[in-house]
Structures are given as structure tokens and as C-alpha cells.
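Colleague: Got a structure here, written out as C-alpha cells. Questions coming.
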């Protein structure tokens, strides 16, 4: 018979695999429930690591979903990619001594650029989005009690973030807003 601790140790890696399996191109190109103003944030904590994945409609972060039309659009996309890659929108409490180990940001604009001939009013038109993945290594993971999400301040088109959490202590979901942007990991 498996003890509760053994079950948790088995379920966490399975949960992590589910959260962070690479998306197929089709799944990456369009969120299942593409809602402007809303972002999904998945967080998993295992051993001394924190894994995060953000998915957002592009309009939330760059203000448009159409393929970039000019140099200004390209610069906005580039700035957003740099901002997300640096993970400046995440604040892990400092006593946990977590350092960003890896980050990867993708968007679907480059895929859409190849299909500019598509009618902009086509019912099958797919929406652009950003996906970002992060891995933090922490020296004192037991001190990681909260994560502050700063996207509301920097991106006014973001109104709601659904944060899904998996740790050895909890599996939970939180709704974040401008007035409630802290995720409690206790």
C-alpha cells in the first residue's frame, strides 16, 4: 500500500509533465478559451525549483492581434518579449533566494506573418498569443511563501489572471486582479 507521501511524490512529477509538456503548434496558436483581458498562469513547485508558464492573448500585452503592420508593431512585440523573458513581472519573496535559471518566450506572430494573405475577417482566423516558461532555482525553497504578479501595473489590458498551483502541500487555483496580485504558497 502506498503512503500519502509516496502518492504525492508520484503525482507531482505527473502534474509537472502535464503543465509543461510542449504544446502542439495548433494548441499554441490559440487558447481553448481565448478571452481578452485574461491570462492563465501555471505554477509548480518541486524540490528546490519553481516552474511557471504564462499564456496570454497577444492583445493583453501588445494591444493588437493582427500581424505586425509596421516597424512600430515589431518594436512593441520585441519589447514585450524582452520584458517577459527577463521575468520582471514576477517577484518571488527574497528570503527564498530564488534565481531565474531559464526563461523562454514565444508568440504566434511569426506564424501569422507567413499567412498574411488570410482574410482578416475569416471566421477561422486564429488569435495571436504569447507563451512564456520559466524555471527558478531556490536556495531556501521552504521560505517561498508568496509570489507577486506585477503584470497588472505594466499592462493595463490585463484584468484577470487565473493562477493554477501545484506544490507538495497544495493543488489550488487563484483568481488574481489589480487589487489582489499576490499568490500565497502557504
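Numbering (our numbering), first residue to last: 383 to 568.
In this text, a Cβ means the ideal position worked out from N, Cα and C, and glycines have one as well.
Beta-carbon within less than 6 angstroms of residue 447's beta-carbon, same chain only, minus the 5 sequence neighbours each way: which residues are those?
Modeller: By 1-based counting over the chain shown, the position of residue 447 is 65. Counting only Cβ-Cβ distances below 6 angstroms, and skipping sequence neighbours, we find 440, 441, 509, 510.
Colleague: Less than 8 angstroms separating the beta-carbons of residue 523 and residue 478?
Modeller: On the chain shown, residue 523 is found 141 positions in, with the first residue counted as 1. On the chain shown, residue 478 is found 96 positions in, with the first residue counted as 1. Yes, they are a contact pair.
Colleague: Using CA atoms only, rank isn't needed, just tell me which of 464, 545, 460 is closest to residue 528.
Modeller: As a position in the chain shown, residue 528 is number 146, starting the count at 1. Among 464, 545, 460, the Cα nearest to that of residue 528 belongs to 545.
Colleague: Go through its chain and collect everything with a Cβ distance to residue 473's Cβ below 6 angstroms, but skip five positions before and after it.
Modeller: Translated into positions along the chain shown, residue 473 becomes position 91. Excluding sequence neighbours, residue 473 sits near 530.
Colleague: Have a look at residue 560 and residue 553 and give me their C-alpha separation to the nearest angstrom.
Modeller: Here residue 560 refers to the residue found at position 178 of the chain shown. Here residue 553 refers to the residue found at position 171 of the chain shown. Residue 560 and residue 553 have their alpha carbons spaced roughly 23 angstroms apart.
Colleague: Just verifying my parser: in three-state terms, what is the DSSP assignment at residue 550?
Modeller: Looking up residue 550 in the chain shown gives position 168. In the structure shown, residue 550 sits in coil (DSSP, three-state: anything other than H, G, I, E or B).
Colleague: Near residue 383, what residues of its chain come up, given a Cβ to Cβ distance below 8 angstroms and the 5 sequence neighbours on each side ignored?
Modeller: Residue numbering aside, residue 383 sits at position 1 when the chain shown is read from its first letter. Residue confidence for residue 383 is low, a pLDDT of 48 falling below 50, so the modelled location carries little weight; the figure read from the coordinates is stated next. Around residue 383: no qualifying Cβ.
Colleague: For the putative contact between residue 444 and residue 458, defined by C-beta atoms under 8 angstroms, what is the C-beta separation to the nearest angstrom?
Modeller: Sequence index remark: in the chain shown, residue 444 carries index 62 (1-based). Sequence index remark: in the chain shown, residue 458 carries index 76 (1-based). Confirmed, Cβ separation roughly 5 angstroms.
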